[in-house]
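Respectively, the protein sequence lines represent chains A and B.
Quick note: the first sequence uses my numbering, first residue 662, plus one each step.
Quick note: the second sequence uses my numbering, first residue 151, plus one each step.
For glycine and all other residues, C-beta sits at the position ideal for the given N, C-alpha and C.
Remember, it's a predicted structure, so these values are computed and weren't measured experimentally.
Comments concern the structure below.
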Amino acid sequence: AQKVTQAQTEISVVEKEDVTLDCVYETRDTTYYLFWYKQPPSGELVFLIRRNSFDEQNEISGRYSWNFQKSTSSFNFTITASQVVDSAVYFCALRGNMLTFGGGTRLMVKP
Amino acid sequence: ETGVTQTPRHLVMGMTNKKSLKCEQHLGHNAMYWYKQSAKKPLELMFVYSLEERVENNSVPSRFSPECPNSSHLFLHLHTLQPEDSALYLCASSQDAGSAGNTIYFGEGSWLTVV
């Protein structure tokens, strides 16, 4: 069985602070993919990144960065210099034979 | 602009009504999905279609009836719903249903309220 845990249900920061969203997963699959999605208040789930289980390189895209550590089954997401527009619910997901979502972390960035 | 569009964005319906949610994908994908997102619950997969054929039905009550007339369109027909069916219904698509590496792209969702 697969499981994705996002222990932080809600995080509140002040604009320009850095913030890390945690994601821990469980799977018996040897090949799998990890995803992060952003869900603003409008409802759409916006795809942010996909990572396969054989690629542990960290990735940076602008203010976003991702740290994949297979040894700890974690795929954490950091936003540097947060902005109000980053306020949303962020979902981590795991796809092996099926796609499993974590419970989401609500990020509130205050001006 | 999203590659997956859903209509209507908001729907309020009585328990005896019949309504439909519509989804269209402009990405040339072969697989389409319906997900349900309720408050305080993780995203739940409802149905999966691959090349217009239903490949997965996750024990969804029969008051939800999907229809996939072609690989670009997906409907969710609703009848005699219950208030607990009020949720955000998300349509999604991916290149193929079976490949773990395919990214699933979501629409903006249809907010459904059953009164």
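Check                                                                                                                                                                            : Outcome
Nearest to residue 265 (chain B) by alpha carbon, out of B:232, B:248, B:258, B:195?                                                                                             : B:232
List the whole-angstrom C-beta distance separating residue 704 (chain A) from residue 258 (chain B), where the pair is believed to meet the contact cut-off of C-beta under 8 Å. : 5 Å
Using a 10 Å radius around the Cβ and a threshold of 16 neighbouring Cβ atoms, would you call residue 160 (chain B) buried or exposed?                                           : exposed
Which same chain residues, not among the five before or five after residue 696 (chain A), have their C-beta less than 6 Å away from its C-beta?                                  : 711, 754
For residue 759 (chain A), report the span of its beta strand (DSSP E) as first-last.                                                                                            : Unbroken run through residue 759 (chain A): none, as it is neither H nor E.
DSSP has residue 203 (chain B) in a bridge; who is on the other side?                                                                                                            : B:200
Note down, in chain order, every chain B residue with its Cβ under 8 Å from the Cβ of residue 762 (chain A).                                                                     : 192, 193
What is the residue span of the beta strand (DSSP E) that residue 698 (chain A) lies within?                                                                                     : 694-700
Nearest-angstrom Cα distance between residue 185 (chain B) and residue 674 (chain A)?                                                                                            : 30 Å
List, in order along the chain, the chain B residues whose C-beta lies closer than 8 Å to that of residue 692 (chain A)?                                                         : 250
Tell me the residue span of the beta strand (DSSP E) that contains residue 176 (chain B).                                                                                        : Neither: residue 176 (chain B) is in no beta strand (DSSP E) and is coded neither H nor E.
Under 8 Å by Cβ, that's how I've got residue 686 (chain A) and residue 762 (chain A) pegged, so tell me the actual separation to the nearest angstrom.                           : Not really, about 11 Å apart at Cβ, beyond 8 Å.
Mind checking which residues open and close the beta strand (DSSP E) that includes residue 707 (chain A)?                                                                        : 707-713
Does the separation of the CB atoms of residue 243 (chain B) and residue 156 (chain B) fall below 8 Å?                                                                           : no
Check each candidate in A:740, A:766, A:749, A:713 and name the one with the smallest Cα separation from residue 725 (chain A).                                                  : A:740
Please list the partners that residue 94 (chain B) has in chain A, where partner means a Cβ-to-Cβ separation under 7 Å.                                                          : With chain B covering 151 to 265 only, the question about residue 94 (chain B) has no answer from this structure.
Which partner residues does residue 677 (chain A) have in the DSSP bridge list?                                                                                                  : Paired residue(s): none; residue 677 (chain A) is not in a bridge.
What are the boundary residues of the beta strand (DSSP E) that residue 219 (chain B) is part of?                                                                                : 214-220
Whose CA, out of B:164, B:153, B:172, B:187, lies closest to the CA of residue 237 (chain B)?                                                                                    : B:187
Residue 255 (chain B) touches chain A at which residues, Cβ-Cβ below 8 Å?                                                                                                        : 708
Can a CB atom of chain B be found closer than 8 Å to the CB of residue 723 (chain A)?                                                                                            : no
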